[in-house]
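With numbering that gives the first Met the number 0, the residue at position 191 of the sequence shown is 190, and numbering never jumps. Heads up, the beta-carbon is just placed ideally off N, CA and C, and yes, glycines get one too. Remarks on the structure that follows.
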Amino acid sequence: MGPEGSGSLALAVAYAQYINCEHRTDEDSCGQCPSCRKYEKLIHPDLHFSYPFFPTKELAVATDVLKEWREAFLTNPYLGMDYWRDRLDAGNKQANIPIKEAHDIIKKLSLKAYEAEYKVLIMWLPEYLDKEGNALLKLIEEPPAKTLFLLVAENQEKILNTIISRTQLVKINKVSHEEITNYLVEKHSLPHNEAREIAFIADGNIQDALNLLQNKEHSSNFQLFVEWLRTIVTDRGSDLIRISEERLASLGRENQKSFILYAINMIRQIILMQQGLKNLVFLREEELKFVEKFK
Ligand SMILES: [Zn+2]
């Protein structure tokens with residue numbers, strides 16, 4: 000159990016890899032043995048995944064989008080549901096872990112392990128299991144020998160109680176500002192002050208940090224925010240509708256989220272500036288000029 004962007008899914012995969020590593024040490028898996036190599040590409044035959052997807056006639060079970068799943072996780076192991084939705088081009092469709100998927104899990108786990116000591120099933124976001132999740136209760140309570148069932152969830156209150164009561168809970172904290180800052184500096188070569196600013200806004204969610212980073216690269220949020228705010232303060236309703244319908248609607252879900260996060264932060268900065276708390280404000284030069292004027 001860990002909030003979005005906390006790396007709990009990556010941790011579950013790393014744990015399963017460790018359990019099955021042929022030369023594991025006290026600290027980590029070796030990363031070299033045949034098992035580790037397959038794990039690192041998510042192609043180990045005894046590693047199974049289940050996750051919400053968007054069922055259609057052609058897509059009945061999670062493995063029907065396994066290729067997309069592997070690509071999504073390997074590109075971004077901190078992925079959130081909206082990121083996954085965008086990868087599947089799902090628009091506003093309803094995500095689900097349907098009953099057919101539950102049956103497929105039971106079938107997969109009843110087979111003998113191909114080569115590993117432990118068969119592993121990692122279910123991402125069991126919150127999306129509706130009543131059909133009850134089909135899995137027996138399996139979760141008494142899994143076949145040497146079978147690990149790892150549920151990676153974000154919100155305990157949205158999981159069936161019957162499932163919760165059969166699991167052992169491990170809580171994962173959100174990532175600290177400092178860790179996100181270091182991650183952005185080391186992995187994305189961002190200057191320290193910009194990394195710190197993003198870490199501050201993302202507040203422990205690496206997925207949000209990556210969205211903000213991407214947006215920074217496009218750097219369009221500032222212009223759009225200024226235009227949007229100007230139509231509001233000058234009471235130009237029809238322009239406001241035009242911006243919403245033409246510009247914001249065409250951004251796509253991830254960019255919209257990132258725009259909203261950006262706008263919230265900018266408004267916060269404006270309020271801080273009004274209160275004379277200038278030293279708390281970290282902004283780029285053009286943003287700082289705008290905030291100073293607008294306050
Ligand atoms: Zn290994």
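Separation of residue j from residue i, as counted between CA atoms
| i | j | result |
| --- | --- | --- |
| Ile96 | Leu211 | 29 Å |
| Leu10 | Gln222 | 38 Å |
| Gln273 | Phe293 | 9 Å |
| Ile205 | Val174 | 8 Å |
| Leu138 | Ile105 | 7 Å |
| Ala101 | Leu147 | 16 Å |
| Asp81 | Asp207 | 11 Å |
| Glu131 | Ile98 | 5 Å |
| Gly251 | His22 | 45 Å |
| Leu282 | Glu156 | 37 Å |
| Pro76 | Val12 | 10 Å |
| Glu226 | Glu193 | 23 Å |
| Lys107 | Cys29 | 27 Å |
| Tyr38 | Ser49 | 16 Å |
| Leu260 | Glu285 | 18 Å |
| Leu183 | Ser7 | 18 Å |
| Ser249 | Thr24 | 50 Å |
| Lys256 | Thr230 | 21 Å |
Contacting residues, own chain, Cβ-Cβ under 8 Å from residue i (five flanking each side not counted)
| i | result |
| --- | --- |
| Leu136 | Thr161, Ile162, Arg165 |
| His176 | Arg195, Ala198, Phe199, Asp202, Gly203 |
Neighbourhood of residue i by C-beta distance below 7 Å, restricted to the same chain and skipping five residues each side
| i | result |
| --- | --- |
| Leu168 | Met0 |
| His187 | Leu212 |
| Lys92 | Phe53 |
Residue i CB to nearest heavy atom of ligand 1 below 8 Å
| i | result |
| --- | --- |
| Gln93 | no |
| Glu226 | no |
| Glu21 | yes |
| Gln222 | no |
| Ser28 | yes |
| Ser257 | no |
| Ser249 | no |
| Ser7 | no |
| Ser175 | no |
| Gln31 | yes |
| Gln16 | yes |
| Ser34 | yes |
Residue i vs residue j beta-carbon contact at 9 Å
| i | j | result |
| --- | --- | --- |
| Leu120 | Phe72 | no |
| Val64 | Leu87 | yes |
| Asn181 | Tyr117 | no |
| Ala262 | Asn214 | no |
| Pro51 | Ala115 | no |
Near ligand 2: residue i beta-carbon under 8 Å from a heavy atom
| i | result |
| --- | --- |
| Leu212 | The ligand content of the structure shown is limited to ligand 1, which means ligand 2 is not among them. |
Cutoff 6 Å; reference residue i; Cβ partners in own chain excluding five residues on either side
| i | result |
| --- | --- |
| Leu159 | Gly132 |
- Message: When you compare the stretch 152 to 161 with the stretch 124 to 135, are there three or more beta-carbon pairs, one atom per stretch, that lie closer than 8 Å?
- Response: yes
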